[in-house]
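In my numbering, the protein residues as written are 4 to 197.
Pasting the structure below:
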């Protein structure tokens with residue numbers, strides 16, 4: 004008998020697998036990035052299908068198969084509809100998810116990245132942000148991810164962007180320093196050869 008593993012996750016993307024199945028890439032709190040195979044979820048009659056939307060915050064149940072994780076259950080925690088109604092916010096989340104797929108090794112725990120990404124989803128979904136605030140959100144989120152993965156240290160002038168809760172007040176304080184943050188992000192990515 005296989006042990007059922009239960010965890011929180013954010014669905015970063017999916018691709019078809021066979022006739023009626025999909026393979027999902029899920030950012031989990033305890034296991035980091037996990038590739039999960041979901042049998043039959045492309046069928047209209049699938050009970051799991053409504054909860055498996057891109058960038059949804061879910062509670063998943065999975066078992067370890069011979070080679071892959073298999074989805075056995077899912078419940079929706081939050082969908083973040085505001086992201087899909089705001090094209091610039093959706094672009095920020097999509098680009099950040101792409102960065103996570105490139106930088107994060109699979110099944111390596113990093114709860115801080117999960118928490119920061121979830122906070123960014125909430126901020127971008129609920130708040131009416133200006134384009135400058137959207138840009139500051141992206142810069143803070145990417146800087147935090149690079150810091151948690153070891154690509155950026157914690158210099159004194161970035162400490163607030165890395166340690167403070169991701170909210171509108173932080174964005175207001177970081178907007179004047181956004182250019183410096185973006186330069187640091189570009190330096191880290193250039194030096195990592197990614």
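Each residue gets a CB set at the ideal place from its N, CA and C atoms; glycine is no exception.
Check whether residue 9 and residue 64 have beta carbons under 7 Å apart:
In the chain shown, counting from the first residue as 1, residue 9 sits at position 6. In the chain shown, counting from the first residue as 1, residue 64 sits at position 61. Yes, Cβ-Cβ distance for residue 9 and residue 64 is below 7 Å.
Applying the 10 Å Cβ sphere with the 16-neighbour rule, what's the burial state of residue 129? On the chain shown, position 126 is the one that residue 129 refers to. Looking at its Cβ environment, which holds fewer than 16 other Cβ atoms inside 10 Å, residue 129 is exposed.
Original post:
Hey, residue 62 and residue 11: beta-carbon distance below 7 Å or not?
Top reply: The residue given as residue 62 occupies position 59 in the chain shown. The residue given as residue 11 occupies position 8 in the chain shown. Closer than 7 Å, so yes.
Contacting residues, own chain, Cβ-Cβ under 8 Å from residue 44 (five flanking each side not counted)
The sequence position of residue 44 within the chain shown is 41, counting from 1. For residue 44, where only same-chain residues beyond five positions count, the Cβ hits under 8 Å are 23, 24, 25, 51, 52, 55 and 74.
request  = Could you tell me whether the stretch 29-36 touches the stretch 107-125, where touching means 3 or more Cβ pairs closer than 8 Å?
outcome  = yes
- Message: Just to confirm the assignment: which complete beta strand (DSSP E) runs, minimum length 3, are found wholly within the stretch 30-107?
- Response: 35-41, 60-67 and 72-81
| Host beta strand (DSSP E) of residue 11 (start-end) | Locating residue 11 in the chain shown gives position 8, counting from the first residue. Unbroken beta strand (DSSP E) run through residue 11: 7-20.
Notebook entry, point to check: What residues match up with residue 24 in a beta bridge as DSSP calls it?
Noted result: On the chain shown, residue 24 is found 21 positions in, with the first residue counted as 1. Beta-bridge pairing links residue 24 to 20.
Please classify residue 186 as buried or exposed, where buried requires at least 16 other C-beta atoms within 10 Å of its C-beta. Position 183 of the chain shown, counted from the start, is the residue given in the question as residue 186. It is exposed - the Cβ of residue 186 has fewer than 16 other Cβ atoms within 10 Å.
inquiry  = Suppose the cutoff is 6 Å on Cβ atoms and the five residues either side in sequence are ignored; what does the same chain contact list for residue 42 look like?
reply    = Along the chain shown, read from residue 1 onward, the residue named residue 42 stands at position 39. Excluding residues within five positions, the ones whose Cβ falls inside 6 Å are 24.
Would you call residue 140 buried or exposed, if buried means 16 or more other Cβ atoms sit within 10 Å of its Cβ? The sequence position of residue 140 within the chain shown is 137, counting from 1. Buried: at least 16 other Cβ atoms inside 10 Å.
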